Amino acid sequence: MKMKLKYKYASKTATDIWFESTWFPRKETMIHVDDLMKTGRITDLEIIDEMENSWTKKEFIKLNKELDKEPQNITVYFDGGFDKSAVLSGIGMVVYYEKGDERFRIRKNGKLEELENNNEAEYAALHNALLLLEEIGVKNAPCTIKGDSQVVLKQLEGDWPCFDEALNRWLDRIEVQIEKLNLKVTIEVLNRSDNKEADKLANQALLGKQVHSHKRIE
């Protein structure tokens, strides 16, 4: 999670001046706060997170310890594949996140039998990726979602309309899950070549190879 500072600087004039910083990594927060306080001219200071919560220095110190126990800096990759001849779908999901000073990766795939096309497989992959976030305890956090399906991501953003009833049902499930976890979502449409990890998992699912791993990244 990123943070920024808003603080009041007592100038040599009668005017108090408010400043607001750019965003920076949460782990740098106390370094910046302590440097500012050493000036002796900071009369009021707020620490603001990406979820638009505001904290005092004392509150943030307590919060910071709690955040080290929760998943942070979350990135989700997803992809879906569809075999028309077999009427089977393969879905692939990859989740990267940090907890404290450690970084983790989840890789999972699945084979589904009740979907009708590739777009539906893409939606199913994203929905299942969001279910993974719930499993690891993600809540009230920024999350970046990356995939190569413009249809899914543009419809999720509301830029493109969705007229297909089946896809609308998946879209509703995804939006409910995002709201349930209170995620602040950033969306990034990838080239297919940049989504190879999730694509490989989806193809492996179609071939009958099941993958589900959750490990710390060295």
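Each residue of the sequence shown is one higher than the one before, starting from 1 at the first, in full-length UniProt numbering.
Even glycine gets a Cβ: it sits at the ideal position worked out from N, Cα and C.
Owing to the predicted nature of the structure, the values given are computational and were not obtained by experimental measurement.
With DSSP collapsed to three states, give me the class of residue 4.
Along the sequence shown, read from residue 1 onward, the residue named residue 4 stands at position 4. In this structure, residue 4 counts as strand in the three-state DSSP scheme.
Comparing alpha-carbon positions, which option in 94, 62 and 42 lies nearest residue 214?
Counting from 1 along the sequence shown, the entry for residue 214 is found at position 214. For the residues 94, 62 and 42, the minimum Cα distance to residue 214 belongs to 94.
Got a sec: does the ligand ZN put a non-hydrogen atom nearer than 7 Å to the Cβ of residue 166?
In the structure on display, the ligand ZN does not appear, and there are no ligands present to speak of.
Beta carbon of residue 124 nearer than 8 Å to that of residue 170
Taking the sequence shown and counting its residues from 1, the one referred to as residue 124 is at position 124. Taking the sequence shown and counting its residues from 1, the one referred to as residue 170 is at position 170. Contact flag set, yes.
Got a sec, what are the start and stop residues for the alpha helix (DSSP H) residue 29 sits in?
On the sequence shown, position 29 is the one that residue 29 refers to. That run of the alpha helix (DSSP H) goes 29-37.
Which residues in the same chain have their Cβ closer than 6 Å to the Cβ of residue 227, if we skip the five residues on either side of it in sequence?
The structure shown does not extend to residue 227, since the chain is modelled only from 1 to 218, so the question has no answer here.
Just list the residues that DSSP pairs residue 25 with in beta bridges.
Within the sequence shown, numbered from 1, the residue matching residue 25 stands at position 25. Answer by DSSP bridge pairing, in chain order: 2.
Rounded straight-line distance, which links the Cα of residue 71 to that of residue 173
Reading the sequence shown from its first residue, position 173 is the one you call residue 173. Reading the sequence shown from its first residue, position 71 is the one you call residue 71. Cα to Cα, residue 173 sits roughly 22 Å from residue 71.
Straight-line Cα distance separating residue 91 from residue 162
Within the sequence shown, residue 162 is the residue found at index 162, counting from 1. Within the sequence shown, residue 91 is the residue found at index 91, counting from 1. In a straight line, the C-alpha of residue 162 is about 21 Å away from that of residue 91.
Have a look at 13, 180, 44 and 79 and flag the residue whose alpha-carbon is nearest the alpha-carbon of residue 196.
If you number the sequence shown from 1, residue 196 lands on position 196. Of 13, 180, 44 and 79, the residue nearest in Cα terms is 79.
Option nearest residue 2 by Cα separation, candidates 149, 110, 19 and 24
In the sequence shown, the residue the question calls residue 2 occupies position 2. The shortest Cα separation from residue 2 among 149, 110, 19 and 24 belongs to 24.
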